[in-house]
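Chemist:
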Amino acid sequence: MRAHRPLVFTLVLSAAALTSSCTERKQEPPDSAKEKTISASQPATWDGKEDAEAAMQRATRALNAVEPETAARQDSDTTTLAKGLDRTFTMQGKRPYTFDIACQTPATHTLTLKLIRGDVANEWDVECGDREADQLDIPAGAPITAQIRPASGETEGIISWRLNTVGAEDVQDCMDDITEC
Numbered sequence: 001m002r003a004h005r006p007l008v009f010t011l012v013l014s015a016a017a018l019t020s021s022c023t024e025r026k027q028e029p030p031d032s033a034k035e036k037t038i039s040a041s042q043p044a045t046w047d048g049k050e051d052a053e054a055a056m057q058r059a060t061r062a063l064n065a066v067e068p069e070t071a072a073r074q075d076s077d078t079t080t081l082a083k084g085l086d087r088t089f090t091m092q093g094k095r096p097y098t099f100d101i102a103c104q105t106p107a108t109h110t111l112t113l114k115l116i117r118g119d120v121a122n123e124w125d126v127e128c129g130d131r132e133a134d135q136l137d138i139p140a141g142a143p144i145t146a147q148i149r150p151a152s153g154e155t156e157g158i159i160s161w162r163l164n165t166v167g168a169e170d171v172q173d174c175m176d177d178i179t180e181c
């Protein structure tokens, strides 16, 4: 019987070692992981750099969604709603242009875009969060000015735009959205 005692002792030690590793406590996630849980009751604001970067990506996708294959980028930029937009563009050459604009905000928001050429001005509502950017056709010629008034208060959001030349076949409906044809 004595020969079996070392075997029994070895089996008992092995079983104890196996069961002790199974009862090991899992570490609690760090506080930063707990803070990432988003409540449905949180206000409609951006919480840092990640939200702003995601908004930039959505705006870029919206601009890409309307960009024709013949597009040649002449200018582009992104600004905040707080800064608004007031920029004049030269419209040289013979190819028609498109002015594409998208905005992203944490809550529903509509902007008013005003395009001015000489004595003629026209306004459009731009819905923030659309999956496709608004696209306006403009013939080459005199410079144009694009304006969006700065948002009041602490309204968060971005405005992204592109000015492209396009082939005549990519002009939709109206050759000049400023004069409304």
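Oh and the sequence shown: position 150 is 150 in UniProt numbering, straight run, nothing missing.
Just so it is clear, CB atoms sit at the ideal spot from N, CA and C, and this is done for glycine as well.
The structure presented is a predicted model; accordingly, all values stated were derived computationally and were not measured.
(1) If I'm right that residue 145 touches residue 82 with Cβ under 8 Å, what's the distance once you round it to whole angstroms?
(2) From the DSSP output, read off the bridge partner residues of residue 120.
(3) Roughly how many whole angstroms lie between the Cα atoms of residue 179 and residue 51?
(4) Taking 8 Å as the cut-off, does the stretch 122-138 touch the stretch 157-175 (at least 3 CB pairs, one atom from each stretch)?
(5) Judging by CA-CA distance, which residue of 77, 123, 96, 143 is the nearest neighbour of residue 60?
(6) Assign residue 126 to one of three DSSP states: helix, strand, or coil.
(7) Let me confirm a value: residue 161 is counted as buried when at least 16 other C-beta atoms fall within 10 Å, else exposed. Which label applies?
(8) From the DSSP output, read off the bridge partner residues of residue 91.
Modeler: Put simply:
(1) Between residue 82 and residue 145 the Cβ distance is about 20 Å, and since that is not below 8 Å, they are no contact.
(2) 117
(3) Near 38 Å, if we compare the C-alpha coordinates of residue 51 and residue 179.
(4) yes
(5) 77
(6) strand
(7) buried
(8) According to DSSP, residue 91 bridges with 141.
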